[in-house]
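These notes concern the structure reproduced below.
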Amino acid sequence: MTMQCAMAYEVVPLEDFSKEFGSTTELSSVSIGGQVVHVSDEFFAEAHQLLLVEPPVSLAKQYGPNGELYSGWETRRHNPTYDWWEDTLHRCTIKLGTTGIITGFDIDTTHFNGNEAPEASVDAAYEFPNEGTTWKDILPKVRLGPSRRHLYKIPATGQATYVRLRIYPDGGIARFRVYGHVMPVFPANPVEPFDLAHIFTGGKVVATSDDHFGSSLNLLLPGRGKDMGDGWETKRSYAKDHQDWVTIKLGAPGYLSTAVIDTIHFKGNFPEICDIRGIYSQDIAPDANSDDWKIILSPVKLGPHRMHFFRLSSPCKQYTHVKVSIYPDGGIKRIRIIGTMTTKYEADVTEITQADGTHQTTPIIVEEGWEIIEG
Numbered sequence: 001m002t003m004q005c006a007m008a009y010e011v012v013p014l015e016d017f018s019k020e021f022g023s024t025t026e027l028s029s030v031s032i033g034g035q036v037v038h039v040s041d042e043f044f045a046e047a048h049q050l051l052l053v054e055p056p057v058s059l060a061k062q063y064g065p066n067g068e069l070y071s072g073w074e075t076r077r078h079n080p081t082y083d084w085w086e087d088t089l090h091r092c093t094i095k096l097g098t099t100g101i102i103t104g105f106d107i108d109t110t111h112f113n114g115n116e117a118p119e120a121s122v123d124a125a126y127e128f129p130n131e132g133t134t135w136k137d138i139l140p141k142v143r144l145g146p147s148r149r150h151l152y153k154i155p156a157t158g159q160a161t162y163v164r165l166r167i168y169p170d171g172g173i174a175r176f177r178v179y180g181h182v183m184p185v186f187p188a189n190p191v192e193p194f195d196l197a198h199i200f201t202g203g204k205v206v207a208t209s210d211d212h213f214g215s216s217l218n219l220l221l222p223g224r225g226k227d228m229g230d231g232w233e234t235k236r237s238y239a240k241d242h243q244d245w246v247t248i249k250l251g252a253p254g255y256l257s258t259a260v261i262d263t264i265h266f267k268g269n270f271p272e273i274c275d276i277r278g279i280y281s282q283d284i285a286p287d288a289n290s291d292d293w294k295i296i297l298s299p300v301k302l303g304p305h306r307m308h309f310f311r312l313s314s315p316c317k318q319y320t321h322v323k324v325s326i327y328p329d330g331g332i333k334r335i336r337i338i339g340t341m342t343t344k345y346e347a348d349v350t351e352i353t354q355a356d357g358t359h360q361t362t363p364i365i366v367e368e369g370w371e372i373i374e375g
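1 is the number of the first residue of the sequence shown in full-length UniProt numbering; add one for each residue after it.
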């Protein structure tokens, strides 16, 4: 069942992408777990390619068993179920990487020229889709052109976990990106340690000095990635005393105990040294040169292709942002900032008093597959 309502949307010029979507998260990306869960037809090109991180490439004059290859989703021609009066159409249902508030889309038809989907619309749902699911229209039917990106901004939706891309009547789309804001997930116990910088707890990169070879947005993604391409890497610097840096807004103000700096896959281009500063600020992106930044990790040496665990100073002081500086340049795969939302606690374990007067000690587990931090 689809619930229809008056929908407003705004076409965003490509040059305004950063202004309109720079503060959002790509909720549909495979890098955070986005996946296609149902598709009505993918005869010429498989729908999972819609969610790939890399831009679409031209596969012109390359052929497979069903015809010419395309980087994207393409259905067969002449949709046999299409009815111009009833708008029968092809659908692709996508589970977002995490529940979020949707604010816009990028519907990209790059390299689809003459076989692009002429029109598309989007609706959303919170629960796993089944026959009784109520879908809410969030982008009305819009016209699409050949081989170009189409950016649309919509009013913020309610919480959504699934979206359904519908095309009329058939054709191809190269990439489909859903932008919005993560609904953060916090521990039920406010003194339980967790990663306050993680994308799923609302962590966000808000400023950086350089993103030349790899985006700083990758630093907060789940897992450890697959190669250097999904980490943060700055250009080489030959200036004396050069440093690069990234500012991270934590998902919630917290008391910080441990930092994890992961240089996996960076073997000859890892930074020599890093340090970390913290600040409590109401600003989204505090001035990187402000004197209010307090050192919470003095300069330390880094090594190649490994995780580094560092105890942070001032565990009784609350921070909203951290600034990680690297010297002189190089690449880092992931940054984890472990802490709690309330009260001071021992740096590596939390002791919880139970109702019967006993004590439970809970170790910090950084992420599945990672080692446990012990005293």
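Every residue gets a Cβ at the ideal spot worked out from N, C-alpha and C, and that includes glycine.
Just so it is clear, the structure is predicted and the values come from calculations on it, not from any experiment.
Note down the Cα distance separating T234 from D244, rounded to an integer number of angstroms. Translated into positions along the sequence shown, residue 234 becomes position 234. Translated into positions along the sequence shown, residue 244 becomes position 244. Taking C-alpha positions only, T234 is separated from D244 by approximately 7 angstroms.
Could you tell me the alpha carbon to alpha carbon distance between P222 and S71, rounded to whole angstroms? Position 222 of the sequence shown holds residue 222. Position 71 of the sequence shown holds residue 71. Going from the Cα of P222 to the Cα of S71 covers about 25 angstroms.
(message) Classify P193: buried if its beta carbon has 16 or more other beta carbons within 10 angstroms, exposed otherwise.
(response) Reading the sequence shown from its first residue, position 193 is the one you call residue 193. Buried is the call here.
Top-ranked residue by Cα proximity to T320, from S281, K204, V36
Numbered from 1 along the sequence shown, position 320 holds the residue referred to as residue 320. Comparing Cα positions, the closest option is S281.
With distances taken between CB atoms, is the gap from S23 to G97 smaller than 8 angstroms? Counting from one through the sequence shown, the residue named residue 23 turns up at place 23. Counting from one through the sequence shown, the residue named residue 97 turns up at place 97. When the beta-carbon positions are compared, S23 and G97 stay at least 8 angstroms from each other.
Inset, instruction - Within its chain, find whatever has a CB closer than 8 angstroms to the CB of R164; leave out the 5 residues flanking it on each side and keep chain order. - result: Within the sequence shown, numbered from 1, the residue matching residue 164 stands at position 164. Within its own chain, the residues whose Cβ lies closer than 8 angstroms to the Cβ of R164, once the five positions on either side in sequence are excluded, are R91, C92, T93, I94, V122, D123, A124, A125, P129, W135, listed in chain order.
Would you identify the three-state DSSP class for T234, choosing helix, strand or coil?
Translated into the one-based positions of the sequence shown, residue 234 becomes position 234. Looking at T234 - three-state DSSP - the assignment turns out to be coil, as it is neither helix nor strand.
Look at the Cβ atom of K323, then the Cβ atom of H265, and state whether they are nearer than 8 angstroms. Here residue 323 corresponds to residue number 323 of the sequence shown, with the count starting at 1. Here residue 265 corresponds to residue number 265 of the sequence shown, with the count starting at 1. Against a cut-off of 8 angstroms, the Cβ pair of H265 and K323 comes out as no contact.
Just tell me which of G303, M183, G34 has its CA closest to the CA of G331.
For the purposes of this step, residue 331 is taken as residue 331 along the sequence shown, with counting starting at 1. Nearest option by C-alpha distance: G303.
With distance defined between alpha-carbon atoms, name the residue in W232, I338, S209, H212 nearest to V311.
Here residue 311 refers to the residue found at position 311 when the sequence shown is read from its first residue. Sequence check: residue 311 is Arg here, not Val. Taking only the C-alpha atoms, the option nearest R311 is I338.
**Q.** C-beta contact flag for residue 379 and T340 at 8 angstroms
**A.** This structure gives no information on residue 379, because the portion of the chain shown stretches from 1 to 375.
query = In this structure, does DSSP put F17 in helix, strand or coil?
reply = The residue labelled residue 17 in the question sits at position 17 within the sequence shown. If DSSP states are grouped into helix, strand and coil, F17 belongs with the helices.
Original post:
Does DSSP classify S31 as helix, strand or coil?
Top reply: Counted from its first residue, the sequence shown places residue 31 at position 31. Collapsing the DSSP output to three states places S31 in a helix.
Closest residue to F112 among D275, A174, V300 (Cα-Cα distance): Your numbering for residue 112 matches position 112 in the sequence shown. Here the closest residue by C-alpha is A174.
Exercise for review: Identify whether E86 lies in helix, strand or coil by the three-state DSSP scheme.
Suggested key: Against the sequence shown, residue 86 aligns to sequence position 86. The predicted model places E86 with a pLDDT of 44, which falls under 50 and marks its position as unreliable; any figure quoted below should be read in that light. DSSP places E86 in coil when its eight states are reduced to three.
Review point. Relative to the C-alpha of T247, which residue among A285, G231, A188, E20 is closest?
Key: Reading the sequence shown from its first residue, position 247 is the one you call residue 247. From the listed residues A285, G231, A188, E20, the smallest Cα separation to T247 is found for A285.
- request: Classify E131 as buried or exposed, calling it buried when 16 or more other Cβ atoms lie within 10 Å of its own Cβ.
  value: Numbered from its first residue, the sequence shown carries residue 131 at position 131. With fewer than 16 Cβ atoms within 10 Å of its Cβ, E131 is classed as exposed.
Check your understanding: If we call anything under 8 angstroms between Cβ atoms a contact, is M183 one with I101?
Key -> The residue you call residue 183 lines up with position 183 of the sequence shown. The residue you call residue 101 lines up with position 101 of the sequence shown. The answer is yes: Cβ separation under 8 angstroms.
Three-state secondary structure assigned by DSSP to L217: Indexing the sequence shown from 1 puts residue 217 at position 217. Under the three-state reduction of DSSP, L217 is assigned to helix.
field: Cβ pair I261, P299 closer than 8 angstroms
entry: Along the sequence shown, one-based indexing puts residue 261 at 261. Along the sequence shown, one-based indexing puts residue 299 at 299. Their beta carbons are not under 8 angstroms apart, which means I261 does not touch P299 by this criterion.
Inset, instruction - Return the first residue and the last residue of the beta strand (DSSP E) that Q282 is part of. - result: Counting from one through the sequence shown, the residue named residue 282 turns up at place 282. That residue, Q282, is in no beta strand (DSSP E); it is neither H nor E in DSSP.
### Query
So, K301 versus S314, is the Cβ gap smaller than 8 angstroms?
Position 301 of the sequence shown, counted from the first residue, corresponds to residue 301. Position 314 of the sequence shown, counted from the first residue, corresponds to residue 314. Taking 8 angstroms as the Cβ cut-off, K301 and S314 do not qualify as a contacting pair.
**OP:** Please say whether L196 and G251 have beta carbons closer to each other than 8 angstroms?
**Re:** The residue you call residue 251 lines up with position 251 of the sequence shown. The residue you call residue 196 lines up with position 196 of the sequence shown. Yes.
Three-way DSSP call (helix, strand, coil) for D348 in this model:
As a first step, residue 348 is located in the sequence shown; it is residue number 348 there, counting from the start. Any reading at D348 must be qualified, since the residue scores a pLDDT of 42, below 50, and its modelled position is unreliable; the value itself is stated next. Correct three-state label for D348: coil.
Notebook entry, point to check: Over what stretch of residues does the beta strand (DSSP E) that includes F176 continue unbroken?
Noted result: As a working note, residue 176 is residue 176 in the sequence shown. Element bounds for F176: 175-182.
- Query: Any idea which residues DSSP pairs G331 with across the strands?
  - Reply: Taking the sequence shown and counting its residues from 1, one reaches residue 331 at position 331. For G331, which the question treats as bridged, DSSP gives the partners E233.
Review point. Would you report the Cα separation of L256 and P328, rounded to the nearest angstrom?
Key: Position 256 of the sequence shown, counted from the first residue, corresponds to residue 256. Position 328 of the sequence shown, counted from the first residue, corresponds to residue 328. Between L256 and P328, the C-alpha separation is close to 25 angstroms.
Element boundaries [beta strand (DSSP E), containing S257]: For the purposes of this step, residue 257 is identified with residue 257 of the sequence shown, where counting begins at 1. First-last of the beta strand (DSSP E) with S257: 244-262.
Quiz item: Per DSSP, what kind of secondary structure is M7 in: helix, strand or coil?
Solution: Counted from its first residue, the sequence shown places residue 7 at position 7. Assignment of M7 by DSSP, reduced to helix, strand and coil, places it in the coil class.
Looking only at its own chain, which residues have a Cβ that is under 7 angstroms from the Cβ of K77, when we skip the five neighbours before and after it? Position 77 of the sequence shown, counted from the first residue, corresponds to residue 77. First, the residue type needs correcting, since residue 77 is Arg and not Lys in the sequence shown. These residues qualify, in order along the chain: D170.
Check: With 16 other CB atoms within 10 Å as the buried threshold, where does K204 fall?
Finding: Position 204 of the sequence shown holds residue 204. So K204 counts as buried.
Is DSSP giving I199 helix, strand or coil here? Indexing the sequence shown from 1 puts residue 199 at position 199. Here I199 sits in helix by DSSP.
Can you name the residues that DSSP bridges to R76?
Locating residue 76 in the sequence shown gives position 76, counting from the first residue. For R76, which the question treats as bridged, DSSP gives no partner whatsoever.
| Top-ranked residue by Cα proximity to V53, from D106, Q62, L59 | On the sequence shown, position 53 is the one that residue 53 refers to. Residue D106 is the option with its Cα nearest to V53.
*asked:* Within 10 Å of its beta-carbon, does Y345 have 16 or more other beta-carbons around it, so buried, or fewer, so exposed?
replied: Within the sequence shown, the letter at position 345 stands for residue 345. Any answer about Y345 is weak, because its pLDDT of 41 lies below 50 and its placement is not dependable; what the coordinates show is given next. Y345 comes out buried.
Just the Cα atoms here: how many angstroms apart are G375 and T133? On the sequence shown, position 375 is the one that residue 375 refers to. On the sequence shown, position 133 is the one that residue 133 refers to. Reliability of the predicted coordinates at G375 is poor, the pLDDT of 34 falling under 50, and no value is obtained from them.
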